[in-house]
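Numbering (the numbering used here), first residue to last: 10 to 336.
So the structure is just underneath, and the comments pick up after that.
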Amino acid sequence: MKAMVYSKYGPPDVLQLKEVEKPTPKEDEVLIRVHAASVNAYDWHLLTADIFLVRLMGGGLLKPKNTIPGADIAGRVEAVGRNAKQFRPGDEVFGDIAGWGNGGFAEYVSVPESAFALKPANLSFEEAAAVPMAAVTALQGLRDQGQIQPGQKVLVNGASGGVGTFAVQIAKSFGAEVTAVCSTRNLDMARSLGADHVIDYTKEDFTQNGQQYDLILAVNGYHPLSAYRRALTPKGIYVMAGGSMAQIFQAMLLGPMMSKTGGKKMGGVSANPNQKDLALIKELLEAGKVVPVIDKRYPLSEVPEALRYLGEGHARGKVVITVAQNN
Ligand SMILES: NC(=O)c1ccc[n+]([C@@H]2O[C@H](COP(=O)([O-])OP(=O)(O)OC[C@H]3O[C@@H](n4cnc5c(N)ncnc54)[C@H](OP(=O)(O)O)[C@@H]3O)[C@@H](O)[C@H]2O)c1
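Next comes the structure, spelled out in structure tokens:
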């Protein structure tokens, strides 16, 4: 089978399209014919090891341990292992396989069936591949860390990217009043996703305008933690999903300390892919309450271009890889 393979950390060019052995499913695994995948900042970090922690936390100290990247996939079950009971050959599934060594930028992958849910019937493979990691991050950030409640004022900073476009829609599905922060060119899209209010970050700093929110999900950009804190209601919750390195380290190191005094909570979300949440997101997708936004599509051989585009930091929604053509 064909796969995008890398043997050393580096820029997207280290990835090469190669012929490799097609996997066979182990007992609890399903063999998937990958129809589409999507790229995430996570893939970029694994490829480049730009965060040293990648090497320490199982990525491989000197060189990558898993040589085919790609976490988000959608495809068709081709074969099932002896103990895999949930799916049958022919089933269309989607999922995030980051917990099983990745391997999604390939024609086939074999991982435990617990990575997958049935693909939403109303979505193409490409649309389904755009969903898992970004939508689960948004869901868990809003619901688990953010304890979102109907009627709350929720702000999503970085509302126009992969995680943000899902966050706006999922927050709306919980009955929140949503403010989306993005740049001028994305304001209309944020409104079309259901945002009640939009703030153009190139013209206005939401941490300085006196407004306060019950929940802030910080997906992209940078503001000091003290500024986010100021923009929270007295019992408000700040959840950092991503953004600049400074953003991430401040939330990890200072967040717990800042949460000790006063009623405000400052924390972060680290997505935990699981079937239950994927199934919940599938329901939202099938009900039309959440719609994936796809910016660009690339063929498998152009994963490096897709990653470079994502790395520029201005993708509008998700960037998708088309692996098999019969979508
Ligand atoms: N915690 C977790 O488990 C988890 C899981 C997944 C992702 N993440 C992290 O979440 C972050 C976002 O991921 P993503 O997939 O959404 O990224 P993405 O799709 O690459 O985000 C791109 C979007 O960010 C917007 N943006 C750029 N600078 C901004 C700014 N200063 N203020 C507001 N918006 C800005 C861009 O809009 P403009 O073009 O208009 O600037 C663009 O639409 C990354 O840091 C990623 O590592 C974390």
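C-beta atoms are modelled at their ideal positions from N, C-alpha and C, and glycine is treated no differently.
Every value quoted in this text rests on a predicted model; they were computed, and no experiment measured them.
Boundaries (first-last residue) of the beta strand (DSSP E) holding residue i
| i | result |
| --- | --- |
| D223 | 222-227 |
| P339 | As displayed, the chain neither begins before 10 nor continues past 336, which places residue 339 out of reach and without an answer. |
| F125 | 125-127 |
| K27 | 25-28 |
Helix, strand or coil at residue i according to DSSP, with G and I counted as helix
| i | result |
| --- | --- |
| H44 | strand |
| V302 | coil |
| F61 | coil |
| M13 | strand |
| L241 | strand |
| V140 | coil |
| Y318 | helix |
| D214 | coil |
| H232 | coil |
| T33 | coil |
| L262 | helix |
| R97 | coil |
| P20 | coil |
| F114 | coil |
| H54 | helix |
| K148 | Inspection of the sequence shows that residue 148 is occupied by Leu rather than by Lys. Here L148 sits in helix by DSSP. |
| N75 | coil |
| G219 | coil |
| M108 | One detail in the question is off: residue 108 reads as Gly in this sequence, not Met. DSSP places G108 in helix when its eight states are reduced to three. |
| Q161 | coil |
| A255 | helix |
| N336 | Confidence in N336 is poor, its pLDDT being 46 and thus under 50, which makes the residue's placement unreliable; the coordinate value appears in the next sentence. Coil, per DSSP. |
Bridge partner(s) assigned by DSSP for residue i
| i | result |
| --- | --- |
| N166 | V190, A227 |
| V329 | S47, R306 |
| M275 | Y247 |
| A83 | A45, F103 |
| H206 | T188 |
| E38 | P121 |
| A4 | Because the chain spans 10 through 336 in this model, residue 4 falls outside it and cannot be assessed. |
Residue i, enclosing alpha helix (DSSP H) - first and last residue
| i | result |
| --- | --- |
| K3 | Within the shown structure, residues of the chain are numbered from 10 to 336, placing residue 3 beyond reach of any answer. |
| I157 | Run containing I157: none; DSSP gives neither H nor E here. |
| L293 | 284-295 |
| L132 | Taken as a continuous stretch (DSSP letters only), L132 belongs to no alpha helix (DSSP H), as it is neither H nor E. |
| M66 | Taken as a continuous stretch (DSSP letters only), M66 belongs to no alpha helix (DSSP H), as it is neither H nor E. |
| A199 | 196-201 |
Per-residue burial, residue i [other beta carbons within 10 Å of its own, 16 or more giving buried]
| i | result |
| --- | --- |
| S243 | Contrary to the premise, residue 243 reads as Pro rather than Ser in this sequence. When all chains shown are included, P243 counts as exposed. |
| T76 | buried |
| S47 | buried |
| S16 | exposed |
| K327 | buried |
| R85 | buried |
| L309 | buried |
| D197 | exposed |
| R325 | buried |
| N92 | exposed |
| G130 | Rather than Gly, the amino acid found at residue 130 in this sequence is Ala. With fewer than 16 other Cβ atoms within 10 Å, it is exposed. |
| N281 | exposed |
| Q156 | exposed |
| R238 | buried |
| P141 | buried |
Minimum Cβ-Cβ distance from residue i to chain B less than 8 angstroms
| i | result |
| --- | --- |
| A296 | Structure shown: chain B not included; a single protein chain is present. |
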